[in-house]
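First comes the structure, then the notes that go with it.
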Amino acid sequence: MSLRCTQTLSLAALLMLGASVSISTPAAAAASNPFAQPSPLPFQAPDFSKIKNSDYLPAFEEGMKRQRAEIVSIANDPAPPTFDNTLVAMEKSGRMLDRVLETFFGVDQADSDATLNRVQADVAPQLAAQEDAIYLNSKLFARVKAIYSQRARLKLDPESRQLLRVYYRQFVHDGANLSPADKQKLKKLNEREATLETEFQQKLVAATKAGAYVTSNVADLAGLSKTQIDAAAAAAKAHGLKGKWLIPLQNTTQQPVMAELTNRAVRKKIFENSWMRAERGDANDTRKVIAELAKLRAVKAKLLGYPSYADYELYDQMAKTPQNVQRFLGQLIGPAAARAASEAQEIQAMIKKDGQTFKLEPWDWEYYSEQVRKAKYNIDSRELRPYFELNRVLKDGVFYAAHELYGVTFKERHDLPVYQKDVRVFEVFDNNGKPLGLIYFDYFKRDNKEGGAWMSNFVQQSKLLGTKAVVYNVANFTKPAPGQPALLSFDDVTTMFHEFGHALNSLFADQEYETLSGTNTARDWVEFPSQFNEHWALYPKVLEHYAVNYKTGKPIPETLVEKLRHSQSWNQGYDLGELLAASELDMAWHTLPASAPLQNVDAFETKALAESHTNFPDVPPRYRSTYFLHIWANGYAAGYYAYQWTAMLDDDAYSWMLHHGGMTRANGQRYRDLILAKGHSEGYNAMFRSFYGRAPDIKPMLKDLGVTSDRARKRSKAKH
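Residue numbers (this note's numbering): 21 to 740.
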């Protein structure tokens with residue numbers, strides 16, 4: 021999932037003031053641009069029937085021009101600074117630029133092309149310069165600082181006080197107190213960082229596309245279902261590869277088909293394609309970009325007064341410091357290693373039972389792990405797929421759970437234009453029948469789509485701006501061949517619930533200010549609502565409602581349900597291990613000091629995994645450095661640990677639910693009111709305490725993930 025930091029984007033979408041952008045859009049062209057005015061569609065949803073790729077760059081230019089005038093007016097206002105003429109004015113500024121930002125990045129991540137890539141490369145450093153022009157503007161900061169110094173006397177409501185606090189801290193954090201010379205240095209660093217992030221992202225999309233496995237012999241796909249083989253044929257045909265079969269890569273190290281392919285040589289080839297995708301010494305190799313980006317971030321952190329980039333990033337997170345993150349992760353590494361080692365022994369025994377003598381390798385794990393699962397729990401993942409048809413899971417699972425907990429309902433809108441033909445749109449109605457907003461679903465893989473799954477907004481909720489949420493969920497499920505159903509794995513099902521948890525966080529937002537609205541929260545809080553929502557995928561009342569055989573219409577047998585539940589405890593050492601390895605890689609890169617030289621990426625990765633004791637045998641990191649999109653381009657730098665941190669929060673919250681009656685409207689309303697609807701209008705610890713009655717506790721999570729656990733949810737596989 022790539023949750024963009026929309027708070028940062030809306031502020032970055034301000035002015036440039038001296039940055040090198042050419043503002044030359046003719047007045048007539050600017051007025052006719054589809055982003056010039058709010059969309060006339062319901063909820064100001066983007067009108068994709070009128071938006072052309074050629075509209076984006078002029079819209080960025082005109083949006084910057086308009087915002088420039090607005091910010092100059094705020095900074096130079098001769099009236100004494102007040103909350104309204106400074107903070108509220110800033111919240112209202114940049115509307116056109118926000119419209120194009122939200123739409124462009126939504127489409128570019130999900131349905132990009134060469135034109136959009138060029139636009140992204142052009143505007144990324146310009147947007148970074150704009151953010152600097154706000155936070156490094158001495159006149160503007162003087163106004164914010166003056167208001168902040170009077171905060172005790174201003175009699176602001178709690179949300180307004182929070183907005184003032186967030187703005188002030190952000191100004192200081194982003195260099196407002198630097199000398200003029202250091203501000204110039206920071207501007208150059210930020211522009212270069214934005215350029216490198218864009219370069220990494222575009223190289224990775226191309227590398228992932230090039231890494232697809234292609235064969236002209238269908239026998240190589242032995243073990244896959246007819247539906248999967250037909251989908252591979254359709255994928256090859258779409259690439260102009262007549263008479264071949266194509267299996268595209270997803271963004272993670274392991275690939276879903278590895279659990280079913282019987283040919284070991286094919287499994288190895290697919291694994292190697294994934295493992296080496298971005299380090300082949302070609303135009304898509306990301307290692308040079310990574311080395312420079314890590315060095316640049318460390319230098320930037322030092323300039324801003326922080327020991328490392330991780331210290332810089334964690335200043336407003338729940339964890340606060342890299343040391344707290346490492347202590348937290350350290351409590352999980354031992355149990356994960358022990359569990360993974362035990363699993364490896366069982367898998368090696370299964371290899372021997374299969375009449376093989378080879379040593380377990382990473383490309384064998386998924387396949388033989390599935391064989392162990394079958395033997396231990398008498399369950400085959402292919403046996404489950406007929407019960408997980410995508411449309412049924414969405415409407416009778418994801419939507420049903422939301423209705424039972426929160427009373428919301430959904431109506432598909434066929435009258436609203438979309439950016440790609442597979443995208444579906446639903447209007448969401450509150451429990452009183454009033455509209456809450458819109459949600460778009462874009463579920464199938466495409467070569468021009470970033471890997472993984474994510475949620476974000478086309479429109480943010482704000483009472484001040486009079487807007488409701490327009491959100492989207494994106495995934496990379498295999499598209500079925502024409503005329504066939506989209507059958508999912510249970511991991512895919514969990515992903516749907518996960519991303520929809522993010523969507524609810526945004527749809528239920530009830531903030532005055534966009535900056536504090538919905539998912540504009542810390543990384544180690546924002547995954548709490550999404551992971552909490554995963555629990556309902558296996559909740560009996562929900563599962564029995566959506567798990568229906570697409571052919572027979574019969575519900576999933578209780579015996580199969582029990583097998584599924586019990587089988588969830590298998591492989592959790594591997595699942596946690598690959599996630600912890602990725603988290604430690606992230607922290608190692610972002611705790612480098614500014615004095616460190618440019619790193620040899622491969623050597624650094626090997627050393628980092630060894631020193632953190634996450635070089636688990638046969639358990640590779642979920643993402644290698646070279647294709648770790650989260651930390652190099654998607655805003656999770658020094659933040660990938662957040663998935664496990666928020667697992668602690670969601671295990672606690674779900675435990676509270678179960679102890680208070682489970683899935684009830686009363687419990688749902690409590691969670692909505694105290695967590696989902698709050699955004700960043702309060703402190704995170706305060707919000708959790710108000711819901712649970714105490715601070716978060718790691719013990720339920722350790723029990724859930726420990727060596728004696730009888731239940732494990734595959735969080736790592738549900739994530740982008």
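The C-beta atom is built at its ideal place from N, Cα and C for all residues, glycine as well.
Exercise. In the DSSP assignment, what residue or residues form a beta bridge with D462?
Worked result: Working through the sequence shown from its first residue, we reach residue 462 at position 442. DSSP lists V494 as partners of D462.
Exercise. Can you tell me the Cα-Cα spacing of D331 and D717, whole angstroms?
Worked result: Position 311 of the sequence shown holds residue 331. Position 697 of the sequence shown holds residue 717. Cα-Cα distance, rounded: 24 Å.
Problem set entry | Environment of Q337 [buried if 16+ CB atoms lie within 10 Å] | Taking the sequence shown and counting its residues from 1, the one referred to as residue 337 is at position 317. Buried: at least 16 other Cβ atoms inside 10 Å.
Problem set entry | Contacting residues, own chain, Cβ-Cβ under 6 Å from T235 (five flanking each side not counted) | Position 215 of the sequence shown holds residue 235. So the list reads W265, once near-sequence residues are dropped.
For this session: On a CA-only basis, which of Q664, D638, A686 is nearest K379? Give me that one, please.
Result: Translated into positions along the sequence shown, residue 379 becomes position 359. When each option's Cα is compared against that of K379, the closest is D638.
For this session: Let me know the secondary structure DSSP gives F449 once reduced to three states.
Result: Along the sequence shown, read from residue 1 onward, the residue named residue 449 stands at position 429. Residue state, collapsed to three classes: strand.
For this session: Ignore the nearest five residues each way along the sequence and tell me which others in D462's own chain have a CB closer than 6 Å to its CB.
Result: Along the sequence shown, read from residue 1 onward, the residue named residue 462 stands at position 442. The beta carbon of D462 lies closer than 6 Å to those of A130, V443, V494 in the same chain, with the five residues before and after it left out.
Exercise. In chain order, what residues of the same chain lie with their CB nearer than 6 Å to the CB of E286, ignoring the 5 residues before and after it?
Worked result: Here residue 286 refers to the residue found at position 266 when the sequence shown is read from its first residue. Reading off the sequence shown, one finds Val at residue 286, where the question assumed Glu. Closer than 6 Å at Cβ, skipping near neighbours: D240.
Exercise. How would you call P560, buried or exposed, if buried means at least 16 neighbouring beta carbons within 10 angstroms?
Worked result: Within the sequence shown, residue 560 is the residue found at index 540, counting from 1. Here P560 is exposed, its C-beta having fewer than 16 other C-beta atoms within 10 Å.
Exercise. By DSSP, does L147 sit in helix, in strand, or in coil?
Worked result: Stepping through the sequence shown from its first residue, residue 147 is reached at position 127. In the displayed model, L147 falls within a helix according to three-state DSSP.
For this session: Could you spell out the range, first to last residue, of the alpha helix (DSSP H) harbouring T514?
Result: Against the sequence shown, residue 514 aligns to sequence position 494. Taken as a continuous stretch (DSSP letters only), the alpha helix (DSSP H) holding T514 covers 510 to 527.
Problem set entry | Reduced DSSP secondary structure (H/G/I, E/B, other) of G688 | Sequence index remark: in the sequence shown, residue 688 carries index 668 (1-based). Three-state result, G688: helix.
Exercise. When DSSP labels each residue in this structure, what does I94 get in the three-state scheme?
Worked result: Taking the sequence shown and counting its residues from 1, the one referred to as residue 94 is at position 74. Helix.
For this session: Grab the span of the alpha helix (DSSP H) containing F552 for me, first residue to last.
Result: Here residue 552 refers to the residue found at position 532 of the sequence shown. Per DSSP, the continuous alpha helix (DSSP H) segment holding F552 begins and ends at 543 to 554.
For this session: Can you have a look at N271 and say buried or exposed, based on whether 16 or more other CB atoms are within 10 angstroms of its CB?
Result: By one-based count along the sequence shown, residue 271 stands at place 251. Flag for N271 reads buried.
Exercise. Which runs of the beta strand (DSSP E) spanning at least 3 residues fall entirely within the stretch 57 to 133, listed in chain order?
Worked result: The stretch 57 to 133 contains no whole beta strand (DSSP E) run of 3 or more residues.
Problem set entry | Spatial neighbours of P720 in its chain, beta-carbon cut-off 7 Å, leaving aside the 5 residues before and after | Indexing the sequence shown from 1 puts residue 720 at position 700. Within the same chain, Cβ atoms closer than 7 Å to the Cβ of P720 are found at D671, D672, S675, the five residues on either side in sequence being excluded.
Exercise. Between D606 and A542, which are expected to be in contact by the criterion C-beta below 8 Å, what is the C-beta distance as a whole number of angstroms?
Worked result: Counting from one through the sequence shown, the residue named residue 606 turns up at place 586. Counting from one through the sequence shown, the residue named residue 542 turns up at place 522. The C-beta distance from D606 to A542 rounds to 16 Å, too long to fall under 8 Å, and the pair is not in contact.
For this session: Please list, in chain order, all residues of the same chain as F220 whose beta carbon is under 6 Å from its beta carbon, the five residues on each side excluded.
Result: Residue 220 sits at position 200 when you count from the first residue of the sequence shown. Hits under 6 Å: T306, V309, W652, A653.
Exercise. Taking C-beta to C-beta, are A339 and D544 nearer than 8 Å?
Worked result: As a working note, residue 339 is residue 319 in the sequence shown. As a working note, residue 544 is residue 524 in the sequence shown. Taking 8 Å as the Cβ cut-off, A339 and D544 qualify as a contacting pair.
Problem set entry | Where I399 falls: helix, strand or coil (DSSP) | Here residue 399 refers to the residue found at position 379 when the sequence shown is read from its first residue. Judged by DSSP in its simplified three-state form, I399 adopts coil rather than helix or strand.
For this session: Look at L244 and E280 and say whether their C-beta atoms are less than 8 Å apart.
Result: By one-based count along the sequence shown, residue 244 stands at place 224. By one-based count along the sequence shown, residue 280 stands at place 260. Between L244 and E280, the C-beta gap is smaller than 8 Å, which places the two residues in contact.
Exercise. Just checking my contact of W556 with F517 at CB under 8 Å: how many whole Å lie between their CB atoms?
Worked result: Taking the first residue of the sequence shown as position 1, residue 556 is located at position 536. Taking the first residue of the sequence shown as position 1, residue 517 is located at position 497. About 6 Å separates the Cβ atoms of W556 and F517, confirming a contact at the 8 Å cut-off.
Problem set entry | Residues sharing a beta bridge with E432, DSSP | Locating residue 432 in the sequence shown gives position 412, where the first residue counts as 1. Note: E432 is bridge-paired with F446 in the DSSP secondary-structure output.
For this session: Check the C-beta distance from H650 over to L536 and give it rounded, since I have them as a contact under 8 Å.
Result: Looking up residue 650 in the sequence shown gives position 630. Looking up residue 536 in the sequence shown gives position 516. So it is not a contact: roughly 24 Å between Cβ atoms.
Exercise. From S645 to E625, what does the alpha carbon distance come to, in whole angstroms?
Worked result: Residue numbering aside, residue 645 sits at position 625 when the sequence shown is read from its first letter. Residue numbering aside, residue 625 sits at position 605 when the sequence shown is read from its first letter. Taking the straight line joining both Cα atoms gives about 7 Å.
For this session: Tell me whether S550 is buried or exposed, calling it buried when 16 or more other Cβ atoms sit within 10 Å of its Cβ.
Result: Within the sequence shown, residue 550 is the residue found at index 530, counting from 1. Residue environment: S550 is assigned as buried (16 or more neighbouring CB atoms within 10 Å of its CB, all protein chains considered).
Exercise. Does DSSP put M475 in a helix, a strand or coil?
Worked result: Here residue 475 is taken as the residue at index 455 of the sequence shown, counted from 1. In the structure shown, M475 sits in a strand (DSSP, three-state: E or B).
Problem set entry | Secondary structure of L563, DSSP reduced to three states | Numbered from its first residue, the sequence shown carries residue 563 at position 543. Three-state DSSP puts L563 in a helix.
For this session: Assuming F103 and L184 form a contact by the criterion Cβ under 8 Å, report the distance between their Cβ atoms to the nearest whole angstrom.
Result: Working through the sequence shown from its first residue, we reach residue 103 at position 83. Working through the sequence shown from its first residue, we reach residue 184 at position 164. For F103 against L184, the beta-carbon gap comes to about 7 Å, under 8 Å, which counts as contact.
Exercise. How is V139 classed by DSSP in three states: helix, strand or coil?
Worked result: Residue mapping note: residue 139 aligns to position 119 of the sequence shown, counting from 1. Residue state, collapsed to three classes: helix.
For this session: Counting only the same chain and skipping the five closest in sequence on each side, list residues whose C-beta sits under 6 Å from that of A506.
Result: Taking the sequence shown and counting its residues from 1, the one referred to as residue 506 is at position 486. Cβ neighbours of A506 beyond the five flanking positions: L410, P500.
Exercise. Count the other CB atoms within 10 Å of the CB of A51; is the residue buried (16 or more) or exposed (fewer)?
Worked result: Here residue 51 refers to the residue found at position 31 when the sequence shown is read from its first residue. Of the residues assessed, A51 falls on the exposed side of the cut-off, its CB having fewer than 16 other CB atoms within 10 angstroms.
Problem set entry | For E367: DSSP bridge partner residues | Working through the sequence shown from its first residue, we reach residue 367 at position 347. The residue asked about is misnamed: residue 367 is Ile in this sequence, not Glu. Beta-bridge pairing links I367 to no other residue.
For this session: Using three-state DSSP, classify I43 as helix, strand or coil.
Result: If you number the sequence shown from 1, residue 43 lands on position 23. In this prediction, I43 has a pLDDT of 32, which is less than 50 and means its spatial position is unreliable; nothing more can be read from the coordinates.
Problem set entry | One or two residues paired with G457 in a DSSP bridge | Indexing the sequence shown from 1 puts residue 457 at position 437. BP columns for G457 point to V448, A489.
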